[in-house]
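Here the working numbering is used: the first residue of the sequence shown is 232, the next is one more, and so on. The structure appears below as structure tokens.
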Amino acid sequence: WAFCTTRMDLAKTLGLEDRQMVEFAILMGNDYVDPSTLLSTPTASKDTQAILNFLRDQDEEYIVQASKKAEQSLEYVRCLYDLQQDIDGFPIQQQFNDDIITNTSRKEDVF
């Protein structure tokens, strides 16, 4: 048994706008953004309800801000969560693509 839904339906259930779901996912944590680089957000406790309440209190156009060092990571994550196709220009994606090419170019790594 599995529960399947859309981001829009989940947002409505949580009392958020669809666009706020991306920010919610960022605030809940991911592999690309260090929570300590986020500015003025309730991520320290990882309390889901506190994060939801925080987002509900924000304008629907609110976006998570991060230190200058982490801004590109935030932009990358937003592209991933929005299923955008143009992620190849990000350094982390270029490294990933290069690693795939390098690993598959070596005969012993293919199958």
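For every residue, glycine included, the Cβ atom is placed at its ideal position computed from N, Cα and C. The structure presented is a predicted model; accordingly, all values stated were derived computationally and were not measured.
**Message:** Alpha carbons only, please: which of 314, 262, 319 and 255 is nearest the one belonging to residue 301?
**Reply:** Nearest C-alpha to residue 301: 262.
**Prompt:** Does the pairing of the segment 306 to 317 with the segment 273 to 291 give three or more beta-carbon distances under 8 Å?
**Reply:** no
**Asked** residue 269 bridges to which residues according to DSSP?
**Response** 297
**Message:** For residue 233 and residue 279, I'd like the C-alpha separation in whole angstroms.
**Reply:** 22 Å
**Asked** Between residue 305 and residue 297, what straight-line distance do the alpha-carbon atoms span, to the nearest angstrom?
**Response** 8 Å
**Prompt:** If you draw a straight line from the C-alpha of residue 269 to the C-alpha of residue 292, how long is it?
**Reply:** Looking at the backbone, the Cα of residue 269 and that of residue 292 are separated by about 17 Å.
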